[in-house]
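Below is one structure; the comments refer to it alone.
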Amino acid sequence: MPATAYQGASAFGRSVLSLRRDHQVHSMESAHEGTSQELELEAFQRQVAEGFNDLAAADSDQLLSIPWIHKLLDVFLSCQEQFKSIVCKNKGFLNKSAADRYVMEYFERSVKALDVCNAIRDGIELVRQWQKQLEIVYYALDNQRSIGEGQIRRSMKALIDLAIGMLDEKESNSGFAHRNRSFGRNNAQKDHNSLGQFRSLSWSVSRNWSAAKQLQAFGQNLVAPKANEIIATNGLAVAVFTMSYVLYFVMWTLVAAIPCQDRGLQTHFHVTRQFIWAAPLLSLHERILDESRKRERRSACGLLREISKIEKCAHHMNELTDTIHFPLSKEKEGEMKQRVQELGQVYYGLKDGLGPLELQVREVFHRIVRSRTEGLDSIG
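Here it is as C-alpha cells:
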C-alpha cells in the first residue's frame with residue numbers, strides 16, 4: 029500500500045479521535061487510554077484499506093473469479109475478527125445509549141447477511157449442477173480414440189440440459205414477481221434428472237425473499253457517524269460504520285457474482301472519501317457495475333467469471349456439434365478434441381473451486397452468528 033495511504037490513515041485516526049480527546053479529562057490515565065484506542069482504530073481502518081486495495085489490484089480476468097471471491101471473503105473474515113476484538117475491548121461503552129444503538133444496528137444488518145449467505149449457498153449448488161452437465165460432455169468425448177455417434181448424442185443431450193437449466197435461471201430471475209417455489213416440479217415428475225427439480229426443492233430462503241430488497245434494506249440509514257456520536261462512543265461508532273460497510277459490500281458482491289433469487293445490483297454506496305478504504309471500495313463497485321452493463325452479461329445468471337466460461341464453452345460445443353457429419357473428418361475430430369480440452373479446463377476449475385467456496389461461505393455465516401451472539405452477550 030502506498031505510503032501516502034498510510035499517512036491518510038493516520039491523519040484520519042487523529043482527526044476522529046482528537047474530537048474525543050478534546051472532551052476528556054487530561055489525566056495521564058485517560059491520555060494513555062486515548063492513545064491506545066487511537067492506535068487500534070487506526071490499525072482497523074488501515075487493515076480494511078489494505079484488503080480492498082489488494083482486491084482492487086485484480087485485473088479484469090481475475091475480478092469476480094472464484095479465487096477473487098475467496099480473497100474477498102478472506103478480507104471480510106480478517107476484518108470481522110479485528111472488529112470483534114475492538115468491540116470486546118470497549119464493553120464499558122456498550123451500555124451507553126449511543127454506542128449501544130450503533131452496535132445493535134450492526135447486528136441487525138448481520139441478520140440480513142445470513143439470509144444472503146443461505147441464498148448464495150443455493151446458488152453455488154446450482155452452478156454445481158451445471159458443472160455436472162459439463163462433466164457428462166467431457167467424459168463422453170475425452171480420451172476417445174475415435175468419436176462416434178453415441179458419444180455425440182450423449183454430449184448433445186447434456187448440452188441441451190445445461191442450456192435449459194441456465195435459461196430457466198435467467199427467466200425465473202427476470203420474472204421474479206411470478207416465481208413459485210414449485211418451479212420445475214412438473215418437469216421433475218417427467219424427468220428426475222431435471223435441473224429444475226434441484227431448484228424447486230433446495231431453496232433455504234422463502235419464495236418471496238428478494239436479494240435486491242434485502243440489500244436495499246441493508247443500506248438504509250447506513251451513514252457516517254457525526255462528530256458528537258464519535259465523541260459519545262469513544263470512537264467506536266467509526267469502527268461499527270466501517271465494519272457495516274465492509275459487510276454491505278461483501279454481500280452485494282456475492283449477489284452480483286452468484287445466481288440467487290431476484291438479483292438486483294442497482295445499489296448506491298454513499299461513503300465519504302474521508303475514509304481511506306472508500307476509494308478502492310467505490311472503484312470495485314463501479315468496475316462490477318461496468319461488468320454487469322456489458323451486452324453479453326446483462327442477462328447473465330451471475331457475474332462469476334466461471335459462469336461466463338460455461339456459457340462460452342457450451343456455445344462453442346453446440347456450434348461444433350451442429351455441423352458434424354459422420355464419419356468425422358480428421359479436421360473435425362481435431363477441432364472437437366480442442367474444444368473438449370477447453371471445456372475440461374472449465375470443468376476442473378469448477379470442480380476444484382466450488383467446494384472450497386461453499387465451505388468459505390458457510391464459515392462466513394457461522395462467524396457472523398458467533399460474533400453477533402458474543403456481541404449481544406457483551407451488551408447484556
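So the sequence shown is numbered by this note's numbering: it starts at 29 and just counts up by one. Just so it is clear, CB atoms sit at the ideal spot from N, CA and C, and this is done for glycine as well. Treat the numbers as computed from the prediction; the structure is a model and nothing was measured.
Taking 8 Å as the upper bound for CB-CB distance, residue 75 and residue 107 are in contact here, some 6 Å apart. When C-alpha distances from residue 341 are compared across 187, 398, 252, the shortest belongs to 187.
Taking C-beta atoms as the reference points, residue 189 and residue 159 fail to come closer than 7 Å. A distance below 7 Å separates the beta carbons of residue 308 and residue 80. The shortest C-alpha to C-alpha distance from residue 287 to any of 325, 373, 370 is the one to 325. A direct Cα-Cα distance of roughly 28 Å separates residue 374 from residue 393.
Boundaries cannot be given for residue 299, as no alpha helix (DSSP H) includes it and DSSP labels it neither H nor E. Taking the Cβ atoms as the reference, residue 364 lies roughly 7 Å from residue 169, within the contact range of under 8 Å.
In this structure residue 234 is not in contact with residue 137, their Cβ atoms being roughly 19 Å apart against a cut-off of 8 Å.
Contact between residue 250 and residue 130 does not hold, since the beta-carbon distance rounds to 11 Å and is not under 8 Å. Counting along the chain, residue 288 sits inside no alpha helix (DSSP H), nor does DSSP assign it H or E at all. A direct Cα-to-Cα measurement between residue 195 and residue 319 gives close to 20 Å.
If you draw a straight line from the Cα of residue 270 to the Cα of residue 258, it comes to about 13 Å. The beta carbon of residue 281 lies closer than 7 Å to those of 100, 316 in the same chain, with the five residues before and after it left out. CA-to-CA, the gap between residue 314 and residue 175 works out to about 46 Å.
The criterion of a C-beta distance shorter than 7 Å is satisfied by residue 284 and residue 293. Per DSSP, the continuous alpha helix (DSSP H) segment holding residue 349 begins and ends at 333 to 350. Contact between residue 389 and residue 148 holds, with the beta-carbon distance rounding to 5 Å and staying under 8 Å.
Here residue 326 carries a coil assignment [DSSP, helix/strand/coil]. Sequence-distant Cβ neighbours of residue 177 in its own chain, meaning closer than 8 Å and more than five residues away, are 354. Here DSSP, grouped into helix, strand and coil, assigns residue 176 to coil.
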